[in-house]
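Undergrad: This is the structure, below, for whatever I ask next.
Here it is as structure tokens:
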């Protein structure tokens, strides 16, 4: 279990985290979403014990996380970050040898299985590898000791689509075997795909903490219509409206959060309707609209 | 091979060790080969006696140039090696502390079940080992070239004493910078402190003997506790070992206390 209780972290006068509280139960897969600078990496850094808190406490498996004692909790914890710097002068094989010597138990089978899955370049110096290949090594390192809790900070940045899918499969398998995963990501479809819960962060504070399916409901629908009637107005609940006039009429694109029946009534009222496209999954739009609506209320 | 931070660090720095060891071999061979010329020339005597007293400290006592142990102690161990070793110590100490943190590799290590204290101590042990291997280059250089140079003979025990104290002063210089790096995480601070200690020690020891107002401060120079010529004439003064060892130990303890608690970027 991961728990943050009223955590504040200040760097000088800047509050990178402002009274953040969250609780992640054993077996949950939680996505952590926010723009750059929202405080995601700072939150993860406090959980890992890389940095201390200015106020509040962080707990892992019921034990307080502090920089001086965090290593004791790392025996059951895996970690990977998108910008993780691995020892450049070692080959991946040497790095895994080093890493496995730091952990308890024999993880050879897990190492071999992960190597087959991700196919990393084991015998080249890590410093000479591409970002994607380095990221494969970081991900294997996070899972290789079969930890109970896995913390991932932008884990798929740099991975090609096939490796992203291989990673998501691994997360699904970990979910099935009861692992706890806390994962920050810019890719909302990825988060919605594998996470049971999504936490949205902005300016060092949590602004939403919802089940993944609730986020989809909050997202509404992305609607685009093309009509020959230039005076067409969007429905009253529409947000993010963009209008593009052309010689045969106008195209309207907006996000609609109302009910399907309301949308249906509005569509029926549109004159000279030429085309319509309704997208069920618009997480990027949801993220943007949630973010912007919170910004307006702050 | 990669069982610990200590072994990993030695492996990471293998080319650094090779290069510096080779450099110390070359320097030792060069200084040994100059001995006959330095022993026989009278021109240097005339030149030095006409120098201002403050500058005479840069050359050393001319009487020391007549026998090989005191020549090599004054010209290699007393002047050149501490300065060169100081530069090496700063480069190595920064490489093991702040450079790794700046690259982000320190976070990667700290994400493993390795305590901050263990990480720091193993890196410091690697620093001491690298310096020990490098100073072996001095022994190899002198022992290999002395038989080929007229009059260049030195007892092995004298040479070992000189090299042991060289290692200790190197470790002390290195530990100050290393400790500053781990304690603060700031390369600028660690570098500045390291340079201040080395250059300050050099200035105090070189000019302190002949400039009145500096002589009172000479004991604050770390080089004051490495009297190479005295070691060549007599032996190691254990009090000097205690002083240098204490400086290194106190620096290390402060680093452990502060590094355990601070944020790692």
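Chains as they are written, first to last, in my numbering: chain A, 1 to 298; chain B, 1001 to 1265.
Glycine residues also receive a C-beta, built at the ideal position from the N, C-alpha and C atoms.
1) Name the chain A residues that come within less than 9 Å of residue 1181 of chain B, Cβ to Cβ?
2) I want to verify the contact list: residues of chain C whose CB lies under 9 Å from the CB of residue 1110 of chain B, in sequence order.
3) Of all Cβ atoms in chain B, is any one closer than 8 Å to the Cβ of residue 298 of chain A?
4) In whole angstroms, what is the alpha-carbon distance linking residue 1070 of chain B and residue 1233 of chain B?
5) How long is the line joining the alpha carbons of residue 193 of chain A and residue 6 of chain A, rounded to whole angstroms?
6) Name, please, each residue of chain A whose Cβ falls closer than 7 Å to the Cβ of residue 1105 of chain B.
7) Which runs of the alpha helix (DSSP H) spanning at least 4 residues fall entirely within the segment 34-100 of chain A, listed in chain order?
8) With a threshold of 8 Å between beta carbons, is residue 1039 of chain B in contact with chain A?
9) Is it buried or exposed, residue 47 of chain A, if we count other Cβ atoms within 10 angstroms and call 16 or more buried?
10) Tell me where the beta strand (DSSP E) around residue 1002 of chain B begins and ends.
11) Within the segment 222-285 of chain A, note down every full alpha helix (DSSP H) run reaching 4 residues or more, in order along the chain.
12) Could you tell me whether the Cβ of residue 281 of chain A comes closer than 8 Å to any Cβ of chain B?
13) Smallest Cα separation from residue 15 of chain A: which of A:258, A:249 and A:39?
14) Pull up the CB-CB distance for residue 183 of chain A and residue 138 of chain A, whole angstroms please, since I reckon it's below 8 Å.
15) In the structure shown, what three-state DSSP assignment does residue 15 of chain A receive?
16) Can you check whether the CB of residue 117 of chain A is closer than 8 Å to the CB of residue 170 of chain A?
17) Of all the CB atoms in chain B, is at least one closer than 8 Å to the CB of residue 97 of chain A?
18) Would DSSP call residue 1127 of chain B helix, strand or coil?
19) Within 8 Å of any Cβ in chain B, is that where the Cβ of residue 184 of chain A sits?
20) Kindly list, in the order they appear in chain A, the residues whose Cβ is closer than 7 Å to that of residue 1003 of chain B.
21) With distances taken Cα to Cα, identify the nearest neighbour of residue 1265 of chain B among B:1252, B:1183, B:1002 and B:1213.
22) Within the 8 Å Cβ cut-off, does residue 1130 of chain B reach chain A?
23) In the DSSP assignment, find the unbroken beta strand (DSSP E) run with residue 182 of chain A in it and report its ends.
24) Between A:146, A:132 and A:149, which has its C-alpha nearest residue 163 of chain A's C-alpha?
TA: Quick answer:
1) Counted from its first residue, the second chain places residue 1181 of chain B at position 181. In chain order: nothing, as chain A lies at least about 17 Å away.
2) The question asks about chain C, but that chain is absent: this structure's protein chains are A and B.
3) Along the first chain, read from residue 1 onward, the residue named residue 298 of chain A stands at position 298. Interpretation of residue 298 of chain A is limited by its pLDDT of 46, a score under 50 that renders its predicted location unreliable; the figure taken from the coordinates is listed afterwards. Not an interface residue.
4) By one-based count along the second chain, residue 1070 of chain B stands at place 70. By one-based count along the second chain, residue 1233 of chain B stands at place 233. Residue 1070 of chain B and residue 1233 of chain B: Cα-Cα distance of roughly 7 Å.
5) Along the first chain, one-based indexing puts residue 193 of chain A at 193. Along the first chain, one-based indexing puts residue 6 of chain A at 6. Between residue 193 of chain A and residue 6 of chain A, the C-alpha separation is close to 29 Å.
6) On the second chain, position 105 is the one that residue 1105 of chain B refers to. Going along chain A in sequence order, the residues near residue 1105 of chain B (Cβ under 7 Å) are 85 and 87.
7) As far as the segment 34-100 of chain A is concerned, its whole alpha helix (DSSP H) runs of at least 4 residues are 40-48.
8) Taking the first residue of the second chain as position 1, residue 1039 of chain B is located at position 39. Taking Cβ atoms only, chain A never reaches closer than 8 Å to residue 1039 of chain B, which makes this a no.
9) By one-based count along the first chain, residue 47 of chain A stands at place 47. The Cβ neighbour count for residue 47 of chain A, taken over all protein chains shown within 10 Å, is at least 16; the residue is labelled buried.
10) Your numbering for residue 1002 of chain B matches position 2 in the second chain. Here residue 1002 of chain B belongs to no beta strand (DSSP E), and DSSP marks it neither H nor E.
11) DSSP runs (the alpha helix (DSSP H)) wholly in the segment 222-285 of chain A: 260-269.
12) Here residue 281 of chain A refers to the residue found at position 281 when the first chain is read from its first residue. Annotation note: pLDDT 49 at residue 281 of chain A (below 50); position unreliable, coordinate value reported separately. No, its Cβ sits nowhere closer than 8 Å to a Cβ of chain B.
13) As a working mapping, residue 15 of chain A is identified with position 15 in the first chain. When each option's Cα is compared against that of residue 15 of chain A, the closest is A:39.
14) The sequence position of residue 183 of chain A within the first chain is 183, counting from 1. The sequence position of residue 138 of chain A within the first chain is 138, counting from 1. Wrong, their Cβ atoms sit about 13 Å apart, outside the cutoff.
15) What you label residue 15 of chain A is simply residue 15 of the first chain in a count that begins at 1. Note: residue 15 of chain A maps to strand in three-state DSSP.
16) Stepping through the first chain from its first residue, residue 170 of chain A is reached at position 170. Stepping through the first chain from its first residue, residue 117 of chain A is reached at position 117. It is a contact, given that the beta carbons lie within the stated cut-off.
17) Locating residue 97 of chain A in the first chain gives position 97, counting from the first residue. It does: the Cβ of residue 97 of chain A has a partner Cβ on chain B nearer than 8 Å.
18) Here the question's residue 1127 of chain B lines up with position 127 in the second chain. Residue 1127 of chain B: helix per DSSP, three-state reduction.
19) Here residue 184 of chain A corresponds to residue number 184 of the first chain, with the count starting at 1. For residue 184 of chain A, the answer is no, since every Cβ of chain B falls outside 8 Å of its Cβ.
20) What you label residue 1003 of chain B is simply residue 3 of the second chain in a count that begins at 1. Those within 7 Å of residue 1003 of chain B in chain A are 101.
21) In the second chain, the residue the question calls residue 1265 of chain B occupies position 265. Closest in C-alpha terms to residue 1265 of chain B, from the list B:1252, B:1183, B:1002 and B:1213, comes B:1183.
22) By one-based count along the second chain, residue 1130 of chain B stands at place 130. No, because no Cβ of chain A sits closer than 8 Å to the Cβ of residue 1130 of chain B.
23) Reading the first chain from its first residue, position 182 is the one you call residue 182 of chain A. It spans 180-184 - the beta strand (DSSP E) in which residue 182 of chain A sits, taken as one unbroken run.
24) Position 163 of the first chain, counted from the start, is the residue given in the question as residue 163 of chain A. Ranking A:146, A:132 and A:149 by Cα distance to residue 163 of chain A puts A:132 first.
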